[in-house]
Each structure stands twice: as C-alpha cells, then as structure tokens.
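**Student:** Quick note: the sequence shown uses the UniProt record's numbering, first residue 1, plus one each step.
No residue lacks a Cβ here, since even glycine has one placed at the ideal position from N, Cα and C.
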Amino acid sequence: MMPTSPSNTCPRCGHDLEEATKQELTYCSNPGANVLANDIPTLRIQQEDVPRMEAEVERLSTLIRSLNQERAYLLRKINNVRATTRRLPPEILSIIFQLIRPPIDFSSRQALTEMPDDIAHQRDTYDEDEDLQLDLGAVCYQWRQYVWSTPQLWTSISIEIYDCVAENNAAILGLYFQNARSLPMSIELDMRAQLYKLRDAEDAEKRSKVFSQLESIRRTIFVKHAPRIQKLFLLGLPLEWSTCVGPNLSSCQDIALAWPISYTQEAEYDLTGLSQLPSLRRIAFSHLSTPMPAISSSVTTITVQKVTIAQCFVLLTTCPNLLEFKLSSRPMSNFSEIPTGHGERIILPHLKKLHWCIRAEPWSIAFLLCVRFSQLRSLQLTGTFSDPDEEERDALISFLLELPPTLQSVQLNELDIFGQRITIDIITNLPLNVTSLCFTHCDVSAIQDTLRMIGRPSDADDPKVLTSLHTLKISGTNSGGLTYKSVFKLLEAFYTATKDWRQAPFKLVVCSPGCPTELDEKSKKKFRELVDSGFELEVVWEPEPRMGWWSSFEDEVDNTVH
C-alpha cells in the first residue's frame with residue numbers, strides 16, 4: 001500500500017484542524033489580556049471558596065478525630081469484655097504487677113563495683129525489665145489504668161543521658177514522679193556520656209551549651225522533686241553539678257557517687273552539701289580523687305572503692321555514728337606522710353562491721369596503731385603485708401590483741417600473700433570469742449596450718465586458739481583446692497584437740513571449684529565414724545560459691561548473736 005500524506009481535516013467529521021489551531025494560538029498569544037477581560041469574576045469566586053474549603057477540611061478533621069476516639073472507646077470496651085483478667089479484682093491485678101516488676105535493686109546490679117573505665121554506646125547497667133510497667137500499660141486500656149494507678153510500680157528508675165534525649169528523659173522522670181504520687185523515689189542517673197562530652201569541650205561556651213540542654217534534667221531531680229528522693233545514685237556527676245547535692249535532698253537516705261577511673265578530675269568537687277543532709281544514712285564513693293568531703297553525722301554505713309587509704313582513714317575516723325565501713329576493692333597506693341595530730345588513739349564506739357585492707361603504708365600502719373573499737377562484731381581483712389618489718393608486725397599484733405570481745409566473725413581474703421608468719425600471728429591473736437572464720441582465695445597450706453592450730457595453744461603457756469569456733473567457711477582455694485582426704489584428716493585432728501571441751505556442733509562449708517559434691521563410700525564411712533564418736537559435725541561441699549554467700553554468712557552470725 002502506498003503511504004498517504006497527512007490530512008488537515010478530521011477523517012470522521014471533516015472539520016478543518018489547521019484553521020482551529022490558528023484560532024487557538026491567536027487566542028493564547030495574549031493570555032493576560034484574555035484573563036483580565038473574561039475571567040476576573042471567576043477568579044474572585046474561586047478565591048472566596050478557599051476559606052470555605054479550609055473550614056470544611058477543619059470540620060471534617062475534627063469529625064474524623066471524634067470518630068476515631070469513639071472507635072477506640074468501643075474497641076476498648078470489646079477488649080475488656082474479651083480479656084481473661086477482667087474478672088480479677090483491681091487489687092489482685094495490681095499485686096500481680098508488683099510481683100513481676102518489683103523496685104530496682106541497685107545494690108544487686110553492682111553499678112559501682114563493676115562500672116567500666118570508659119563510656120560505652122550501650123548501657124551496661126540497664127535491664128529491660130526495669131521498664132516493664134510501660135509494656136504492661138500498653139497491653140490494653142484496663143491494664144493501663146491499673147498500672148498508672150499503682151504507685152509502687154513507679155518508685156525506682158534508671159536513666160542514662162545521651163545526646164538529644166534530655167527532654168525525653170525529663171518527661172519520663174516527670175511521669176514516674178507523677179505516677180508514684182507521694183511515695184519516695186530511688187533514682188540512678190548515669191551521666192558518663194555527658195562527662196566525656198564536657199571533657200572534650202574546648203571552651204566555656206561549649207560547656208554552657210551542654211548544660212543548657214541538661215537543664216530540664218537538673219531541675220526535675222535537684223529542684224522540683226528533690227525532697228521526694230530517698231535513694232540517689234550518680235554516675236559521672238559533672239563538676240558544675242556538685243553543688244546540687246545539698247539541702248534540697250532533705251529526705252535522701254542513700255547516696256552513691258562514682259566516676260570512671262579514666263576520668264581525671266581537674267578541679268575539686270564542691271561536696272560540702274553532704275554534711276547538710278539530715279536523713280542521710282548510707283553513702284558510697286568510687287574513684288573520688290579530690291579530698292574527702294565532710295559528711296553528715298547521721299551516716300551509719302560507708303562503702304568505698306578505688307580510693308586511697310588516707311581517704312578511708314579520714315572517712316572512718318570522722319563519722320561519729322558509723323556502724324559499717326566497707327572497702328570493697330584494694331585502695332590505691334598512697335605513701336604520703338601522716339599529718340601531725342593523726343597519731344592519737346581513736347575509739348569508734350558504734351562500729352560493728354569493718355572491711356579493711358592492711359598494707360605497708362604509713363596510713364595503714366597508723367590505722368593499726370590508732371584505731372580501736374568497742375562493739376565490732378564482723379571483721380574482713382585484705383592486704384599485701386607479705387614482708388613486714390618488726391614495727392609493722394608489732395602494729396598488726398597490737399591491733400589484733402585489742403579487738404573487742406564482741407567480735408564474732410572474721411574473714412581473711414587472699415591470705416597466701418601475707419606469708420606464713422603473718423598467718424600465724426593473725427590466727428593466734430584473734431579474740432577467743434570468734435565463732436565464725438572464713439577464708440577466701442587462700443592457699444591450702446595456710447588453711448591447713450590454721451586448722452592444726454585451732455583448739456591448741458600456740459605455746460605451752462598460751463591459751464588455746466579459737467576455742468569458740470563453730471563455723472568455718474573456705475572459698476576459692478589456691479594450689480589445687482581441698483580434697484576429701486585432706487579435709488577429713490584435718491577434721492579428725494580438730495576433733496581430737498577439741499573433744500574434751502567442745503559442746504556446740506561444728507559446721508564446715510567448702511566451696512572448692514572442681515570438687516565433686518557427692519561423697520564416695522570411703523569418705524561417707526569416715527564421716528559416720530566421726531559422728532558416731534560424738535562429733536556433732538556438718539560438712540557442706542559446693543563446687544562454686546553462691547552469690548552473696550558472705551552476706552548470708554554474716555546474717556547467720558547476727559542471728560546467732562541476737
């Protein structure tokens with residue numbers, strides 16, 4: 001077929017397309033004139049329609065929101081009818097919620113003792129269960145009402161402050177304070193990320209900008225709700241906020257202050273407010289490199305770690321009502337000279353529990369020479385006293401000889417570093433009233449030497465050693481651990497030395513890694529022979545020490561005394 005030339009007429013109706021195109025172009029060649037001439041009334045009408053349409057959109061939006069609210073209300077009613085817990089009384093459901101989301105136990109988290117030296121991108125002290133009440137409140141409307149109206153679920157919170165979330169954290173804190181109503185609050189505030197950010201700030205303007213972003217947090221905790229806080233744990237407190245710890249925290253009973261080791265405190269923190277807290281009972285420090293501040297006289301318990309012996313000495317001797325002092329890690333070395341006036345005898349009349357580290361340093365020797373007790377009941381000793389001179393050895397013996405008769409339990413940590421001579425000095429000079437003795441991470445030979453001495457005089461004219469002992473605990477032994485054979489051999493010797501005068505039953509607890517917990521027939525036979533001969537004996541073998549077993553040991557001693 002031959003191609004045809006394009007036609008300018010419509011094949012269906014015969015209309016001249018070329019002429020129509022010319023007319024349209026002529027009409028559009030001056031659009032402004034055409035609009036002005038013909039469309040001004042139409043534009044005015046359209047412009048007047050815009051507000052009417054906007055009003056209609058607003059009306060419809062309001063109607064949609066209202067319908068969505070009615071829909072949500074109907075769905076909540078349907079869900080409440082279908083819910084399996086709807087027949088439970090609100091009080092029962094509230095109790096269930098409290099059981100599955102108890103208050104945060106900050107002491108078991110060990111935020112102070114296990115805090116890393118540097119800041120991590122992921123929270124190392126966070127547990128998802130701590131925010132479980134928020135998940136419970138999202139299940140249904142009924143649960144949300146019960147969760148929001150149960151103040152016990154909102155009395156503890158842990159917050160870590162990162163960039164750009166300070167306002168959100170302040171809002172969450174406000175929600176907790178609101179839902180807790182009048183109950184006291186426990187708060188852990190982790191500011192280590194901000195601490196390192198402030199350290200890298202080059203000038204005062206940048207530091208001021210950081211603090212302006214944190215102002216909502218500061219006002220929420222230290223101003224608006226400060227009187228309601230009962231426990232406050234501050235990790236990485238900035239220098240500029242140190243003055244916030246003061247009289248505003250009028251109901252605070254427990255305070256912990258900790259800084260990472262890698263953070264160097266460039267100036268002294270102003271912690272004078274710690275002496276102005278009338279309700280303060282317990283305080284903890286970790287890595288405070290500035291001089292120890294004055295503390296409220298109401299404090300009864302102090303826990304410190306990563307500080308110097310000099311700082312410990314000051315804390316121990318300046319709190320008149322102190323009941324418990326715990327040095328939870330080896331102190332940092334400090335060989336500074338002791339100022340004049342610290343060589344006088346100091347008697348602590350109320351102290352009952354002491355965990356101390358002895359070492360060949362001036363402040364440690366000053367402690368052994370000067371500090372004495374009236375009601376001490378529990379003593380833990382750790383140290384590096386491996387090769388003392390005569391003066392240091394005499395100071396230790398003098399300290400042991402003057403321990404009060406109220407002392408009931410003694411724990412010796414890492415005794416193998418003391419040396420055999422110091423081991424004998426400690427065991428033979430402890431008060432006769434000691435009923436419980438514990439070895440932790442000690443050498444087997446040191447334990448064997450101790451058991452051989454119990455019930456016997458160290459010299460012919462000396463009294464018998466530890467005649468009141470009825471509980472012995474051994475944990476984390478070195479040099480291969482203890483075997484059944486060695487234990488029963490020592491028990492036989494112990495029974496022979498004490499059978500003529502012993503009246504109370506004897507309990508031995510051995511936490512020896514790798515040792516089987518089941519006795520073989522030969523060991524059982526020896527055990528029965530000891531019991532049949534009149535030895536009231538209880539032996540407990542544990543392959544690994546239980547968590548908190550020393551605390552339970554102290555509780556047993558307390559119950560025995562009371």
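1) If you count every other CB in all the chains shown that lies within 10 Å of the CB of C13, and 16 or more means buried, which is it?
2) Take I295 as the anchor and find which of V510, F527, E56, G273 has the nearest alpha-carbon.
3) Find out if the Cβ-Cβ distance for the pair L472, L430 is shorter than 8 Å.
4) Have a look at G455 and T428 and give me their C-alpha separation to the nearest angstrom.
5) Quick check: the Cα distance between A171 and P247, rounded to an integer number of angstroms?
6) How about I161 and I217: are their beta carbons less than 8 Å apart?
7) What span of residues does the alpha helix (DSSP H) with I447 cover, start to end?
8) For I100, tell me which candidate among E130, N80, R71 has the shortest Cα-Cα distance.
9) Report yes if the CB atom of I426 is closer than 8 Å to the CB atom of L412, and no otherwise.
10) Can you pull the DSSP bridge partners for C357?
11) Taking the beta strand (DSSP E) that T303 falls in, what are its first and last residues?
12) Short of 8 Å in beta carbon distance, which residues of its chain neighbour L75, apart from the five on each side in sequence? Order them along the chain.
13) Near F488, which residues of its chain fall below 6 Å by C-beta distance, leaving aside the five closest residues on each side in sequence?
14) Nearest CA to the CA of P320: which residue from C312, A258, Q311, I347?
15) Assuming A256 is part of the beta strand (DSSP E), what are its boundary residues?
16) According to DSSP, F285 sits in a beta bridge with which residue or residues?
17) So which of S208, L407, T317, E414 has the shortest CA-CA distance to S329?
18) Would you tell me roughly how many angstroms separate the C-alpha atoms of H121 and P260, rounded to the nearest one?
19) Helix, strand or coil for M292, going by three-state DSSP, please let me know.
20) Run through the DSSP bridge pairs and tell me what D190 is partnered with.
21) What does a CB cutoff of less than 8 Å around N68 pick up in its chain, not counting 5 residues either side in sequence?
22) Roughly how many whole angstroms lie between the Cα atoms of L432 and A366?
23) Answer yes if the segment 190 to 202 comes into contact with the segment 136 to 156, meaning at least three C-beta pairs across the two stretches below 8 Å, and no otherwise.
24) Here's the rule I'm using: 16 or more other beta-carbon atoms within 10 Å means buried, otherwise exposed. How should T531 be labelled?
25) Would you decide whether E24 is buried or exposed? Buried here means 16 or more other CB atoms lie within 10 Å of its CB.
26) CA-CA distance, Q98 and A493?
27) For I347, name the three-state secondary structure that DSSP assigns.
**Tutor:** This is what the structure gives:
1) exposed
2) G273
3) no
4) 10 Å
5) 24 Å
6) yes
7) 444 to 453
8) E130
9) yes
10) T382
11) 301 to 305
12) none
13) K526
14) I347
15) 254 to 258
16) L257, V304
17) E414
18) Low local confidence applies: a pLDDT of 44 at H121 is under 50, so the model's placement there is unreliable, and no value is given.
19) coil
20) E160, L235
21) none
22) 25 Å
23) no
24) Looking at the sequence shown, residue 531 is not Thr but Val. Counting Cβ neighbours within 10 Å, V531 comes out exposed, since fewer than 16 surround it.
25) Because E24 sits at a pLDDT of 49, beneath the cut-off of 50, its placement in the model cannot be relied upon, and the point is left open.
26) 53 Å
27) strand
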